Every structure is written in C-alpha cells, then in structure tokens.
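Visitor: Quick note: the sequence shown uses the numbering used here, first residue 16, plus one each step. Backbone N, C-alpha and C fix where the C-beta goes; we use that ideal spot for every residue, glycine too. Treat the numbers as computed from the prediction; the structure is a model and nothing was measured. Here's a structure for you.
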Amino acid sequence: MEIKLVAGNSAGTVTAYYLSSQGPYHDEIDFEFLGNLSGDPYTVHYLTSLHKGMEIESNSSTSGSTQQKIFTSTLLYGTPSIIFLVDNIPIRVYENEESIGIPFPKNQPMKLYSSLWNADQWATRGGLVKTDWSKAPFTAYYRNFNANACVWSSSAYAGNFSQDVDVTWGDGRGQMLDGGNLLSLMASGSGFQSKNKYRFGRFDVQMKLVPGNSAGTVTTFYVTN
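Here is the structure:
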C-alpha cells in the first residue's frame, strides 16, 4: 500500500499499518511511523506482539524525504519469516525461530488495520516533544491497497452435542445435559460419534475424566474411518 505520512510538524502522532488477530490473546504485527518535528526523519517502530505475552520491538529512521513523498509500505508475512519493506527495500526481518523455543504468530487469522493517533507520551524523543495541536488537522493519505494473501476459511464453530453427535452405544449410560452443551458417559461402557464425516481439520473438546479410582477404565477421543 502506498502511504503519504503527516506533513510538517507531526511530532506526537503515530501512523500505524498493522496485522492483528482478535480477542484478548491476539497476535499483532505492527509497522508504526512515529511523527517528528519539521525536517527530522520519521522513526519507524516495528512490533511483533504474540498472544503468549511476548513482544519483540525495534526502531530505525527513515530518510528525511519520506515525510514529503508517497512511498510503499509492505508487510510480507509468511511461515518462514516476517519482512517489513519500504519502497520494496527490506528494512527489518523477523525470522521464525520456533525451533529454539521462540513463538511465531502463525495460528490465528488476522485482519489488516491502519490508524492515525496521538501518542505524544512516548512517540517523539521518548515523549519529550508533545503534539502541537495548533498544527491540526494531521492527515495521512493511502492509495493502491493490494492484498495478495490467503483468505482464512474455516467451518469451525462451537458445537452442540445434541445437534452434532449420536450416542451410539451404552443403553442409556450416555446422557446429554445443559441443552446439549454437556455430555456424560458412564464408566460401565458407553460412547458417541459425530453425525458428520470429516477429511481434515482440528477437533477440540473439553473433557473431565473419571474422578477417584478409575483403575481399569479407558476414556478415548479419536478419529477413525
């Protein structure tokens, strides 16, 4: 996407272009352009925020001309790495290092966002320079948005036992409770199966195993043809 940042004295403002998943435990990949005093370069702030509570941050400076021109900002997001580019020049790379225990944002679908906001408590020279509201309005411009990406598609949903499974054996020892949100199986032998057949996918279920002395029992959760 092509962006023209806030011209003139943009100190205290942040123009952000980022990917983010949703919910309290979200992943986020940020391209933030921190405003400046007239004539000073913008500071580019990179943030990869992971749902596991880990944040990876770094900064660099743009050329002084970036404020004056329209430039292309690109997030290249894939499993091997995340690459931040300005005018097709890589300026920061975040490699996937899961092999050594560093998490990587790959399991949650994200939407693309952009915003322009006041952050003068920290954005320019660590918050020493505040937003000069006499210079308002502060305006950033965007054009030629292009997303060449895989659109998330999932048929996953919060299932209901009464709608989605049949108790297949147990002669009454399998019971559906709470409107079909809870299913209990008696240890003397019972079972259920899904009504639908599946080829690929992810299957989650919350389970509470047999309490107390469960010696000799087996509780299974499995996929089979």
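#1: Measure the C-alpha to C-alpha separation of residue 137 and residue 143 and round it to an integer number of angstroms.
#2: With a Cβ-Cβ cutoff of 8 Å, do residue 65 and residue 45 count as a contact?
#3: Let me check one thing: in DSSP terms, what residues is residue 40 bridge-paired to?
#4: Quick test of your reading: residue 153 and residue 28, contact by CB under 8 Å. State the CB separation rounded to the nearest angstrom.
#5: Quick one: Cα of residue 211 to Cα of residue 181, how far?
#6: Which of helix, strand or coil does DSSP assign to residue 85?
#7: Exposed or buried, which one is residue 1 when buried takes at least 16 other CB atoms within 10 Å?
#8: For residue 24, I'd like the list of residues in its chain whose CB is within less than 7 Å of its CB, leaving aside the five on either flank, ordered along the chain.
#9: Taking only the alpha-carbon atoms, compute the straight-line gap between residue 103 and residue 155 and give it to the nearest angstrom.
#10: Compute the beta-carbon to beta-carbon distance between residue 189 and residue 205, rounded to the nearest angstrom, for a pair I have assumed lies under 8 Å.
#11: Opposite residue 45 in the DSSP bridges: which residues?
#12: Exposed or buried, residue 125, counting other C-beta atoms within 10 Å across all chains shown (16 or more means buried)?
#13: Could you give the residue range of the alpha helix (DSSP H) that holds residue 242?
#14: Taking the beta carbon of residue 120 as the centre, do at least 16 other beta carbons fall within 10 Å, making it buried, or is it exposed?
#15: With respect to the beta strand (DSSP E) encompassing residue 161, which residues constitute its N-terminal and C-terminal limits?
#16: Which class does residue 18 belong to by DSSP, given the choice of helix, strand or coil?
#17: Where does residue 93 sit, in a helix, a strand or coil, going by DSSP?
#18: Indicate the three-state DSSP secondary structure (helix, strand or coil) for residue 104 in the structure shown.
#19: Which one or two residues does DSSP pair with residue 182 in a beta bridge?
#20: DSSP three-state label for residue 132, please.
Guide: Working from what's here:
#1: Your numbering for residue 137 matches position 122 in the sequence shown. Your numbering for residue 143 matches position 128 in the sequence shown. Using only the alpha carbons, I get a separation of about 8 Å.
#2: The residue given as residue 65 occupies position 50 in the sequence shown. The residue given as residue 45 occupies position 30 in the sequence shown. Not closer than 8 Å, so no.
#3: Mapped onto the sequence shown, residue 40 falls at position 25. In the DSSP output, where bridge partners are listed per residue, residue 40 has none listed.
#4: To locate residue 153, count along the sequence shown from 1; it is residue 138. To locate residue 28, count along the sequence shown from 1; it is residue 13. Going by Cβ atoms, the distance from residue 153 to residue 28 rounds to 5 Å, so yes, they are a contact pair.
#5: Taking the sequence shown and counting its residues from 1, one reaches residue 211 at position 196. Taking the sequence shown and counting its residues from 1, one reaches residue 181 at position 166. Going from the Cα of residue 211 to the Cα of residue 181 covers about 10 Å.
#6: For this step, residue 85 is matched to residue 70 along the sequence shown. The answer is coil: DSSP assigns residue 85 none of H, G, I, E or B.
#7: Shown here, the chain extends from 16 to 240; a query on residue 1 therefore has no answer.
#8: Working through the sequence shown from its first residue, we reach residue 24 at position 9. So the list reads 52, 53, 147, 150, once near-sequence residues are dropped.
#9: Numbered from its first residue, the sequence shown carries residue 103 at position 88. Numbered from its first residue, the sequence shown carries residue 155 at position 140. If you take the alpha carbons of residue 103 and residue 155, they lie about 20 Å apart.
#10: Taking the sequence shown and counting its residues from 1, the one referred to as residue 189 is at position 174. Taking the sequence shown and counting its residues from 1, the one referred to as residue 205 is at position 190. That belief holds up - the Cβ atoms of residue 189 and residue 205 are roughly 4 Å apart, short of 8 Å.
#11: Translated into positions along the sequence shown, residue 45 becomes position 30. 33, 62.
#12: Residue mapping note: residue 125 aligns to position 110 of the sequence shown, counting from 1. By the 10 Å Cβ count, residue 125 comes out buried.
#13: Residue coverage of the chain in this structure runs from 16 to 240, which leaves residue 242 outside it and unanswerable.
#14: Walking along the sequence shown from the start, residue 120 turns up at place 105. Around the C-beta of residue 120, 16 or more other C-beta atoms lie within 10 Å, and the residue is accordingly described as buried.
#15: Position 146 of the sequence shown, counted from the start, is the residue given in the question as residue 161. From DSSP, residue 161 is part of no beta strand (DSSP E); its letter is neither H nor E.
#16: As a first step, residue 18 is located in the sequence shown; it is residue number 3 there, counting from the start. Residue state, collapsed to three classes: strand.
#17: Here residue 93 refers to the residue found at position 78 of the sequence shown. Coil.
#18: The residue you call residue 104 lines up with position 89 of the sequence shown. DSSP, reduced to helix, strand and coil, places residue 104 within a strand of the structure shown.
#19: Here residue 182 corresponds to residue number 167 of the sequence shown, with the count starting at 1. 207.
#20: Taking the first residue of the sequence shown as 1, we reach residue 132 at position 117. In this structure, residue 132 counts as strand in the three-state DSSP scheme.
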